[in-house]
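What follows is a set of notes on a single structure, which appears directly below.
2 protein chains.
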Amino acid sequence: MFSPLIDELIQSLRCLPGVGPKSAQRIALHLLEHDREGAATLAQSLERAAAGVSRCDRCRTLTEQALCGICANHRRDGRLLCVVETPADVLAIEQAGSYQGKYFVLLGRLSPIDGVGPADIGVDQLVQLLADESIEELILATNPTVEGEATAHYIAELAKAAAVTVTRIAHGVPLGGELEYIDGGTLAHAFSSRQAL
Amino acid sequence: MFSPLIDELIQSLRCLPGVGPKSAQRIALHLLEHDREGAATLAQSLERAAAGVSRCDRCRTLTEQALCGICANHRRDGRLLCVVETPADVLAIEQAGSYQGKYFVLLGRLSPIDGVGPADIGVDQLVQLLADESIEELILATNPTVEGEATAHYIAELAKAAAVTVTRIAHGVPLGGELEYIDGGTLAHAFSSRQAL
Ligand SMILES: [Zn+2]
Ligand SMILES: [Zn+2]
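From first to last, the protein sequence lines are chains S and U. The numbering of the first sequence is the numbering used here, which starts it at 1108 and goes up by one. The numbering of the second sequence is the numbering used here, which starts it at 1108 and goes up by one.
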């Protein structure tokens, strides 16, 4: 419609999650009309991050350094290791602010249908880590989905074999959640996991 | 939280309209985990567009060519000139598909408060265009806001001085719009602009 470079930009913006054709047009025109500087800065950041960011040697989260900020922080409690599926999960837990231990990021979950096996989620590396470090408790915080549960179960067995205590974060009705708006699966789980007062 | 390059990318993504801190994090992690290639392509497109895209010599819309695709298209009716505020307005009218004339894009609207005067919206260029081309009708399609109306009024006077017929697109209740959901200003306008059947 406009010109090759603009059409190409609109097309490229489609790689952003949640950005459809209309949003891509809106974003492209906004940047070109009002924020060329922001666009140029974003281009540079994307290029540098896409080329430079790799995985933390210890926990597999995204970082361009050998060790991520959390693994390199000696004030974090090395006796606790929390296993999560993604770097976004690390972020969510960090923003909650109560956990002081370290992490291991699977960067996925076991999914035989999609061809994702133990090697793809760094299980060898996790086993090595359990052998090398003085970890006392492995906290499984994979998602409460079928695949997340299967992944948690698989890792729990490995950790038990390594004589490490294994726990799973609690699932149930969220604080402040109103029962009438909670999905049935969560409610059923909340009942089956009920605890004596 | 993660590492300097990731934090920088999250910050840079904030230049995208509608992207707050949470979305920026989500987008950055998505690109780094799942679409490095898309990120690299987007970086290149942003850089090329930000550096290469300028204004069409004739109509001021965004393009990297001397003349945009519409101005360069000899099958468009050169007797009709539609004045709009932004390239996005051109796109919206093109997508409606009924207009076959050409455009002039103000890239703004008169706004004394913001220091936007006639020179900033290309009025000199528009006057020159009315003098140089065989334009029979100038269609004012600026937005029905206070500033858009003032801009339309200002341009209408110039066009009349150049002996060009001036029209304004109709405003009122949108087709398919239900009266009970239409804002009061639109409804009032629809009544004051009522036409005999
Ligand atoms: Zn790490
Ligand atoms: Zn043009």
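All C-beta atoms, glycine included, are put in the ideal place defined by N, C-alpha and C.
Contact between Glu1140(U) and Thr1193(S) holds: CB atoms are separated by about 7 Å, below the 8 Å threshold. By the Cβ rule, the region 1216-1224 of chain U does not count as touching the region 1158-1174 of chain U, because fewer than three pairs are nearer than 8 Å. With a 10 Å radius around the Cβ and a threshold of 16 neighbouring Cβ atoms, Leu1286(U) comes out exposed.
Identification of chain S residues near His1137(U) by a Cβ-Cβ cut-off of 7 Å yields Pro1124, ordered along the chain. Positions of the alpha helix (DSSP H) runs, each at least 4 residues long and wholly inside the region 1211-1255 of chain S, are given as 1230-1239 in order along the chain.
At least one CB of chain S lies nearer than 8 Å to the CB of Ser1152(U). Of Asp1164(U), Gly1204(U), Ala1226(U), the smallest CA-CA separation from Arg1183(U) is found for Gly1204(U). Look at Ser1205(U) here: in three-state DSSP terms it is coil, with no helix or strand label. With fewer than 16 neighbouring CB atoms inside 10 Å of its own CB, Ala1277(S) falls in the exposed class. Residue environment for Thr1249(S): buried (at least 16 other C-beta atoms within 10 angstroms of its C-beta).
DSSP places Asp1184(S) inside the beta strand (DSSP E), whose first and last residues are 1184-1191. When secondary structure is reduced to three states using DSSP, Thr1168(S) falls in the coil class, being assigned neither helix nor strand.
Only Thr1168, Leu1169, Thr1170, Glu1171, Gln1172, Cys1175, Gly1176 from the region 1166-1184 of chain U bring a Cβ to less than 8 Å from some Cβ of chain S. Taking each of Gly1283(S), Gly1279(S), Gln1302(S) in turn and checking the Cα distance to Gly1291(S), the smallest one comes out for Gly1279(S).
Nearest CB-CB separation between Gly1159(S) and chain U: below the 8 Å threshold. Within the chosen limit of 7 Å, ligand 2 does not reach the beta carbon of Arg1182(U) with any heavy atom. At a threshold of 7 Å, Cys1189(U) does not count as near ligand 2, since its beta carbon sits no closer than that to any of the ligand's heavy atoms. Around the CB of Phe1298(S), fewer than 16 other CB atoms lie within 10 Å, so the residue is classed as exposed. When secondary structure is reduced to three states using DSSP, Ser1161(S) falls in the strand class.
These are the residues, in chain order, with a beta carbon less than 6 Å from any non-hydrogen atom of ligand 2: Cys1163(U), Arg1165(U), Cys1166(U), Thr1168(U), Leu1174(U), Cys1175(U), Ile1177(U), Cys1178(U). When DSSP states are grouped into helix, strand and coil, Val1273(S) belongs to the strand group.
Within the same chain, and ignoring the five residues on either side of His1296(S) in sequence, the residues whose Cβ sits closer than 8 Å to its Cβ are Pro1251, His1278, Gly1279. Taking 8 Å as the threshold, the shortest C-beta distance from Phe1109(U) to chain S falls below it. Short of 8 Å from the beta carbon of Gly1127(S), and not among the five residues preceding or following it, lie these beta carbons of its own chain, in chain order: Arg1121. Here the region 1143-1161 of chain S lies against the region 1133-1152 of chain U, with 3 or more beta-carbon pairs under 8 Å apart. Ranked by Cα distance from Cys1163(S), the first of Leu1233(S), Arg1301(S), Ala1259(S) is Leu1233(S). Ranked by how close their Cα comes to the Cα of Thr1274(U), the residues Tyr1288(U), Ile1200(U), Glu1243(U), Gly1145(U) have Glu1243(U) in first place. With fewer than 16 other beta carbons inside 10 angstroms of its own, Gly1222(U) counts as exposed. Around Leu1120(U), the beta-carbon contacts reaching into chain S at under 9 Å are Leu1123, Leu1149, Ser1152, Leu1153.
Contact between Val1271(U) and Leu1247(U) is ruled out by a C-beta separation of about 11 Å, above the 8 Å threshold. Taking 8 Å as the CB threshold, Gln1232(U) stays off the interface with chain S. At a cut-off of 8 Å between C-beta atoms, Pro1281(S) does not count as an interface residue with respect to chain U. Using a CB distance cut-off of 8 Å, Gln1235(S) does not count as an interface residue toward chain U. Scanning its chain for C-beta atoms nearer than 6 Å, with the 5 sequence neighbours on each side dropped, one finds around Leu1138(U) the residues Ala1146, in chain order.
Not a single C-beta of chain U is nearer than 8 Å to the C-beta of Glu1254(S). Looking at the backbone, the Cα of Arg1165(S) and that of Glu1144(U) are separated by about 25 Å.
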